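Trainee:
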Amino acid sequence: MSRELHEESSALHALGLLAGEELARFRRECHADPALREMSRVLREVTSQLVHWAPPHSPPEALRERLAEGIGSRRGPARGPAG
Amino acid sequence: MAEAPLLLTNDPGERDRTDALLLGLVAEGDREAFARLYDRFSGPLYGAALHILQDAAEAQDIVHDAFITLWEKASSFERSRGSAFSWAVTLVRNRAIDRIRMRRRRAELLAESVPEDLGYGTEGGAPSADDAAVQGDNARLVRAAIADLPAEQRRALELAFFGGLTQEEIARRLQEPLGTIKARIRRGLLKLREALGPQL
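In structure tokens, the structure reads:
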């Protein structure tokens, strides 16, 4: 796969635009290619910064209180592999 | 909360290290660290969820559920796979996009449910906490980098990131070949990578 195609697939993957066979192929290639994995990681980081494009809004204080109650009613963080 | 160098810095590398440190403390059940992480992340996450969903109650539900996931799965975080912030963004965005796609399927109102143009450079309300101020500096840098992109690249990225459209839907919406849309997205993200720095 050419560098340009790697970049394109990584960009589309970062935005959640790969599906089906395209996604499966990209995951296989990522598994086998550390450079592609790194490109994918970097473009996911870039993509995450796009949240700052939206006008900033502070969530209401009630959300913080709701979360405090939410974690209070749960046991501590789970241990072990991601679910 | 354990003694830790929780720096207020706009250096992305330092910021990511601090976020990872906080998430590590959250994995130990540290509620104060969880509160700090909330202060650092909740503004941009809520802003994005609100922009995608255009509904405050739904945006709050999404952000709430994402933070609960961070709390419950903090120990599974691996910094080598990406930053804590990137993980949090993915949690929020995936949930928000799922909701708007569900809405579209239900109501078949694709055209009406995609947000309008963002008004590049438009300033909104100010974040409240010190941590949010650090995020605010970063947000200004990001917005400036986005403003420097060609308009057609911005539009493709906007429809993908906030609109939740597929590649094909973006191509149809913009009346361009699919290959053109893929190229715009690729070039746009690569330009942002250059602008936002090699530390990513």
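In order, the protein sequence lines correspond to chains A and Y. Under our numbering, the letters of the first sequence match residues 11 to 93, in that order. Under our numbering, the letters of the second sequence match residues -4 to 195, in that order. Yeah, the Cβ is synthetic: ideal placement off N, Cα and C, and Gly gets one too. Note that this is a predicted model, so its numbers are computed, not measured.
For Y/ALA140, I'd like the list of residues in its chain whose CB is within less than 8 Å of its CB, leaving aside the five on either flank, ordered along the chain.
Mentor: As a first step, residue 140 of chain Y is located in the second sequence; it is residue number 145 there, counting from the start. Around Y/ALA140: LYS186, LEU187, ALA190, LEU191.
Trainee: Pop quiz: Y/GLY42 and A/VAL52 are said to be a contact at Cβ under 8 Å. What is the actual Cβ separation, rounded to whole angstroms?
Mentor: Position 47 of the second sequence, counted from the start, is the residue given in the question as residue 42 of chain Y. Position 42 of the first sequence, counted from the start, is the residue given in the question as residue 52 of chain A. With a Cβ gap of about 24 Å, Y/GLY42 and A/VAL52 do not count as contacting.
Trainee: Whole angstroms is fine: what's the gap from A/GLU14's alpha carbon to Y/GLN148's?
Mentor: Here residue 14 of chain A refers to the residue found at position 4 when the first sequence is read from its first residue. Here residue 148 of chain Y refers to the residue found at position 153 when the second sequence is read from its first residue. Computed Cα separation, rounded: 17 Å.
Trainee: Count the other C-beta atoms from every protein chain shown that fall within 10 angstroms of the C-beta of A/LEU77, then say buried if there are 16 or more, exposed otherwise.
Mentor: In the first sequence, counting from the first residue as 1, residue 77 of chain A sits at position 67. Buried, since its Cβ has 16 or more Cβ neighbours within 10 Å.
Trainee: Which residue's Cα is closest to the Cα of Y/ARG88: Y/ALA155, Y/LEU18, Y/ASP34, Y/ALA146?
Mentor: Mapped onto the second sequence, residue 88 of chain Y falls at position 93. Nearest of Y/ALA155, Y/LEU18, Y/ASP34, Y/ALA146 to Y/ARG88, Cα basis: Y/ALA155.
Trainee: Have a look at Y/ASP50 and Y/GLU73 and give me their C-alpha separation to the nearest angstrom.
Mentor: The count along the second sequence starts at 1 and reaches residue 50 of chain Y at position 55. The count along the second sequence starts at 1 and reaches residue 73 of chain Y at position 78. Spanning the two alpha carbons is a distance of roughly 32 Å.
Trainee: Given that a residue counts as buried once 16 or more other Cβ atoms are within 10 Å of its Cβ, and exposed if not, what is A/MET49?
Mentor: To locate residue 49 of chain A, count along the first sequence from 1; it is residue 39. When all chains shown are included, A/MET49 counts as buried.
Trainee: Measuring only the C-alpha atoms, how far is A/GLU32 from Y/GLY131?
Mentor: Within the first sequence, numbered from 1, the residue matching residue 32 of chain A stands at position 22. Within the second sequence, numbered from 1, the residue matching residue 131 of chain Y stands at position 136. Answer to the nearest angstrom: the Cα atoms are 36 Å apart.
Trainee: Closer than 7 Å by C-beta to Y/LEU173: which residues in its own chain qualify, once you throw out the five before and the five after it? Chain order, please.
Mentor: Locating residue 173 of chain Y in the second sequence gives position 178, where the first residue counts as 1. The answer, listed in chain order, is GLN162, GLU163, ALA166.
Trainee: Is the distance from the Cβ of Y/ASP14 to the Cβ of Y/LEU32 below 8 Å?
Mentor: Taking the second sequence and counting its residues from 1, one reaches residue 14 of chain Y at position 19. Taking the second sequence and counting its residues from 1, one reaches residue 32 of chain Y at position 37. Result yes, Cβ atoms of Y/ASP14 and Y/LEU32 sit closer than 8 Å.
Trainee: How would you write the range of the alpha helix (DSSP H) that A/SER58 sits in, first residue to last?
Mentor: Counted from its first residue, the first sequence places residue 58 of chain A at position 48. 44 to 58 is the span of the alpha helix (DSSP H), which, as asked, contains A/SER58.
Trainee: Can you check which of these residues, Y/PHE80, Y/ALA102, Y/ALA79, Y/ALA61, is closest to Y/ARG90 by C-alpha distance?
Mentor: As a position in the second sequence, residue 90 of chain Y is number 95, starting the count at 1. It is Y/ALA61.
Trainee: Is there a Cβ of chain A sitting closer than 8 Å to that of Y/PRO172, yes or no?
Mentor: To locate residue 172 of chain Y, count along the second sequence from 1; it is residue 177. It does not; no Cβ of chain A falls within 8 Å.
Trainee: Using the beta-carbon count (16 or more within 10 Å), is A/SER83 buried or exposed?
Mentor: Here residue 83 of chain A refers to the residue found at position 73 when the first sequence is read from its first residue. So A/SER83 ends up on the exposed side.
Trainee: Please name the residues in the stretch 45 to 64 of chain Y whose beta-carbon is closer than 7 Å to at least one beta-carbon of chain A, in chain order.
Mentor: Answer in chain order: LEU45, HIS46, GLN55, VAL58, HIS59, PHE62, ILE63.
Trainee: How would you write the range of the alpha helix (DSSP H) that Y/PRO39 sits in, first residue to last?
Mentor: Walking along the second sequence from the start, residue 39 of chain Y turns up at place 44. From DSSP, the alpha helix (DSSP H) with Y/PRO39 extends over 26 to 48.
Trainee: For the stretch 22 to 51 of chain A, enumerate the residues whose C-beta is nearer than 8 Å to any C-beta of chain Y, in chain order.
Mentor: The residues in question are LEU22, ALA24, LEU25, GLY26, LEU27, ALA29, ARG51.
Trainee: So which of Y/LEU48, Y/GLU171, Y/GLY183, Y/LEU86 has the shortest CA-CA distance to Y/ALA69?
Mentor: The residue labelled residue 69 of chain Y in the question sits at position 74 within the second sequence. With distances taken between Cα atoms, Y/ALA69 lies closest to Y/LEU86.
Trainee: Can you have a look at A/GLU18 and say buried or exposed, based on whether 16 or more other CB atoms are within 10 angstroms of its CB?
Mentor: On the first sequence, position 8 is the one that residue 18 of chain A refers to. Buried is the call here.
Trainee: Which of helix, strand or coil does DSSP assign to Y/SER81?
Mentor: As a first step, residue 81 of chain Y must be located in the second sequence, where it is residue number 86. Residue state, collapsed to three classes: helix.
Trainee: If you run the structure through DSSP and keep just helix, strand and coil, what is Y/LEU173?
Mentor: Working through the second sequence from its first residue, we reach residue 173 of chain Y at position 178. Residue state, collapsed to three classes: helix.
Trainee: Pull out every residue of the stretch 29 to 44 of chain Y whose Cβ sits closer than 7 Å to any Cβ of chain A, in chain order.
Mentor: Within the stretch 29 to 44 of chain Y, the qualifying residues are PHE29, TYR33, SER37, GLY38, PRO39, LEU40, TYR41, GLY42, ALA43.
Trainee: Have a look at A/PHE36, A/ARG54, A/GLY30, A/SER12 and flag the residue whose alpha-carbon is nearest the alpha-carbon of Y/ARG76.
Mentor: The sequence position of residue 76 of chain Y within the second sequence is 81, counting from 1. Selected option, being the one with the closest Cα: A/ARG54.
Trainee: With a threshold of 8 Å between beta-carbons, can A/GLU17 be considered close to chain Y, or not?
Mentor: If you number the first sequence from 1, residue 17 of chain A lands on position 7. Output row for A/GLU17: interface = yes.
Trainee: Beta-carbon of A/SER12 versus every beta-carbon of chain C: anything under 8 Å?
Mentor: Given the protein chain composition of this structure (A and Y), no chain C is represented.
Trainee: Under 8 Å between the Cβ atoms of Y/GLY38 and A/PRO65?
Mentor: Position 43 of the second sequence, counting from 1, holds the residue named residue 38 of chain Y. Position 55 of the first sequence, counting from 1, holds the residue named residue 65 of chain A. Their beta carbons are not under 8 Å apart, which means Y/GLY38 does not touch A/PRO65 by this criterion.
Trainee: Taking just the CA atoms, how far does A/TRP63 sit from Y/ALA134?
Mentor: The residue given as residue 134 of chain Y occupies position 139 in the second sequence. The residue given as residue 63 of chain A occupies position 53 in the first sequence. So the two alpha carbons sit approximately 7 Å from each other.
Trainee: Run through DSSP, which three-state label would A/ALA64 get?
Mentor: Within the first sequence, residue 64 of chain A is the residue found at index 54, counting from 1. Of the three classes helix, strand and coil, the one that applies to A/ALA64 here is coil, per DSSP.
Trainee: Beta-carbon of A/SER83 versus every beta-carbon of chain Y: anything under 8 Å?
Mentor: By 1-based counting over the first sequence, the position of residue 83 of chain A is 73. So no, A/SER83 is outside the interface.
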